[in-house]
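With the numbering used here as the guide, the letters of the sequence shown map in order to residues 3 to 86. Beta carbons: idealized from backbone N, C-alpha and C, even for Gly. Okay, so here's the structure we're looking at.
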Amino acid sequence: MTKGINQKDLITDSDLLKMSVLLYFNGNKLESVERINDSKVKFGVLRDENTDNILEQFYKGSLRVEPTKIFIIQKELKRKTFSI
């Protein structure tokens, strides 16, 4: 995990779509990629003032995304999972 970042400020999850959406809307960079086991990876992004609202809309199914951009973000996250 990234040093110097408070655990409560970092959102970690293995859900590829959820992390892609956070990167898409927040414009944050990926802070950490941690291999949990042979088949599971956790991604980490920093929490900001918009994160909770984005996650709430994500779970309600009310977000609208540009498919090509979300695909590119997912592709990059998948690439990172195979590089660690």
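Worksheet item: Mind checking Phe45: buried by the 16 CB within 10 Å criterion, or exposed?
Response: buried
Worksheet item: Within 10 angstroms of its Cβ, does Ser64 collect 16 or more other Cβ (buried), or is it exposed?
Response: Exposed, because fewer than 16 other Cβ atoms sit within 10 Å of the Cβ of Ser64.
Worksheet entry | Segment limits, alpha helix (DSSP H) that includes Ser22 | 18-28
Worksheet entry | Where the beta strand (DSSP E) containing Leu48 begins and where it ends | 42-48
Fill in: Proximity below 8 angstroms, CB of Leu32 to CB of Lys71
no
Worksheet item: Using the rule of at least 16 other Cβ atoms within 10 Å of the residue's Cβ for burial, across every protein chain shown, is Ser22 buried or exposed?
Response: buried
Item to complete: With Asp15 as the anchor, note down where its alpha helix (DSSP H) starts and where it stops.
Response: Run containing Asp15: none in the alpha helix (DSSP H); it sits in the beta strand (DSSP E), 12-15.
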